[in-house]
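A short worksheet on the structure shown next.
This is the structure:
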């Protein structure tokens, strides 16, 4: 799914809130993010560059997701 330039953080947040699991690319690494609980999101590293210091799993807050959003690209949605 290609995201147009009008896709804002509020749209992304609303999609997470509705239960979507979203794949994205950040710093040449592919991640999956989804909502676990109110203000709690699980971020899973799907594939990574060799010698990457990024953790395989992490729990992040909405504030952290908002900070990263402008650097995310190549969004794909996974529906359960």
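Residue numbers (my numbering): 4 to 83.
In this text, a Cβ means the ideal position worked out from N, Cα and C, and glycines have one as well.
From a predicted model like this one, the values you see are computed outputs, not experimental measurements.
Per DSSP, the bridge partner or partners of residue i
i: residue 38; result: 44
i: residue 84; result: Examination of residue 84 is not possible in this model, given that the chain is present from 4 through 83 alone.
i: residue 32; result: 29
Opening and closing residue of the alpha helix (DSSP H) in which residue i lies
i: residue 60; result: First-last for residue 60: 60-63, but that is the beta strand (DSSP E), not the alpha helix (DSSP H).
When the options are compared against residue i, the one with the closest alpha-carbon
i: residue 81; options: 14, 24, 38, 10; result: 24
i: residue 65; options: 58, 47, 53, 43; result: 43
Buried/exposed call for residue i, threshold 16 Cβ in 10 Å
i: residue 49; result: exposed
i: residue 14; result: exposed
i: residue 70; result: exposed
i: residue 10; result: exposed
Range covered by the beta strand (DSSP E) that runs through residue i
i: residue 79; result: 76-81
Distance CB(residue i)-CB(residue j) smaller than 8 Å
i: residue 76; j: residue 27; result: yes
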